[in-house]
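Chains as they are written, first to last, in this note's numbering: chain W, 1 to 89; chain A, 90 to 220.
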């Protein structure tokens with residue numbers, strides 16, 4: 001039963017990632033693109049965790065944690081750049 | 090017992106996936122950025138939370154060992170999601186909106202006024218000029 005749920009989860013998250021890519025390509029403003037990439041990172045963390053359940057290993061949690069950290073830092077850096085024209089002043 | 094655990098894990102996975110899908114669909118469908126910001130920052134965080142709780146229950150019950158990593162990831166995500174949302178909204182306000190377009194508040198929008206250092210500088214200047 002878990003396998004069916006995992007397959008449904010992979011399908012739904014892939015669809016969500018495609019929607020995010022569409023928003024990142026289309027997005028009228030630059031902030032829309034940043035928001036799309038931030039959401040993409042969060043969805044990708046969910047995919048990595050589901051893949052960890054699928055493979056029955058805890059090996060992928062470090063990857064998920066690193067993804068979460070880099071996603072946060074990159075989003076904040078992008079926003080800081082747009083606000084101030086510089087990342088580190 | 091096994092069946093209950095499997096049901097719980099499957100339910101959590103499906104719930105989390107649906108939440109993530111709804112959040113991304115909302116981001117695709119809403120008309121402007123301020124409404125678009127609303128969908129993923131809530132729904133997608135809940136979606137990841139569902140997947141993380143499912144993974145925790147899975148490794149606790151079916152594999153038989155406790156893993157703390159999920160708590161770490163979910164805590165980190167729950168802490169950082171509001172910060173990124175706030176930053177995106179602030180950058181959007183400064184780049185694409187004028188103060189006139191915003192709803193009125195009692196004492197104005199602090200993000201558009203001068204920084205406290207400049208304000209105190211101005212205040213000290215005016216007080217010295219009075220003397």
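Cβ coordinates follow ideal geometry from the N, Cα and C atoms, glycine included.
Considering only their Cβ atoms, is the gap separating residue j from residue i smaller than 8 Å?
i	j	result
residue 13 of chain W	residue 41 of chain W	no
residue 57 of chain W	residue 158 of chain A	no
residue 142 of chain A	residue 149 of chain A	no
residue 137 of chain A	residue 97 of chain A	no
residue 191 of chain A	residue 31 of chain W	no
residue 50 of chain W	residue 10 of chain W	yes
residue 165 of chain A	residue 68 of chain W	yes
residue 8 of chain W	residue 103 of chain A	yes
residue 65 of chain W	residue 162 of chain A	yes
residue 16 of chain W	residue 99 of chain A	no
residue 80 of chain W	residue 87 of chain W	yes
residue 105 of chain A	residue 140 of chain A	yes
residue 95 of chain A	residue 25 of chain W	no
residue 19 of chain W	residue 117 of chain A	yes
Start and end of the alpha helix (DSSP H) containing residue i?
i	result
residue 75 of chain W	61-84
residue 138 of chain A	134-150
residue 4 of chain W	2-26
residue 124 of chain A	122-125
Could you name the residues of the same chain whose beta carbon sits closer than 7 Å to that of residue i, not counting the 5 residues immediately before and after it, in chain order?
i	result
residue 130 of chain A	170, 174
residue 78 of chain W	34
residue 126 of chain A	174, 177, 178
residue 188 of chain A	198, 201
residue 82 of chain W	30
residue 27 of chain W	33, 36
residue 134 of chain A	166, 167, 170
For residue i, name the three-state secondary structure that DSSP assigns.
i	result
residue 157 of chain A	coil
residue 171 of chain A	helix
residue 190 of chain A	helix
residue 108 of chain W	Past the edges of chain W, shown from 1 to 89, lies residue 108 of chain W, and the structure says nothing about it.
residue 100 of chain A	helix
residue 108 of chain A	helix
residue 200 of chain A	coil
residue 208 of chain A	helix
residue 41 of chain W	helix
residue 34 of chain W	helix
residue 88 of chain W	coil
residue 130 of chain A	helix
residue 119 of chain A	coil
In chain order, what residues of the same chain have a beta carbon less than 6 Å from the beta carbon of residue i, not counting five sequence neighbours either side?
i	result
residue 132 of chain A	108, 111, 112
residue 38 of chain W	75
residue 23 of chain W	36
residue 63 of chain W	48
residue 92 of chain A	none
Using a Cβ-Cβ distance cut-off of 8 Å, determine whether residue i contacts chain D.
i	result
residue 85 of chain W	Any reference to chain D falls outside this structure, whose protein chains are W and A.
Enumerate in chain order the residues of its own chain whose CB-to-CB distance from residue i is below 8 Å, with the five nearest sequence positions on each side excluded.
i	result
residue 60 of chain W	48, 49, 51, 52
Residues, ordered as in the chain, of the segment 128-157 of chain A that lie near chain W by beta-carbon distance below 9 Å: 128, 129, 130, 133, 134, 136, 137, 139, 140, 141, 143, 144, 147, 148, 151, 152, 154, 156
Against chain A: residues of the segment 16-34 of chain W by CB proximity under 7 Å: 16, 19, 20, 22, 23, 29, 31, 32, 34
Residues of the segment 33-61 of chain W whose Cβ lies closer than 8 Å to any Cβ of chain A, in chain order: 34, 35, 36, 38, 39, 42, 43, 45, 46, 49, 50, 52, 53, 56, 58, 61
Contacting positions in the segment 71-83 of chain W - beta carbon closer than 7 Å to chain A: 72, 75, 76, 79, 82, 83
Cβ-based contacts, 8 Å cut-off: residues of the segment 191-211 of chain A near chain W: none
Against chain W: residues of the segment 114-125 of chain A by CB proximity under 7 Å: 114, 116, 117, 122, 125
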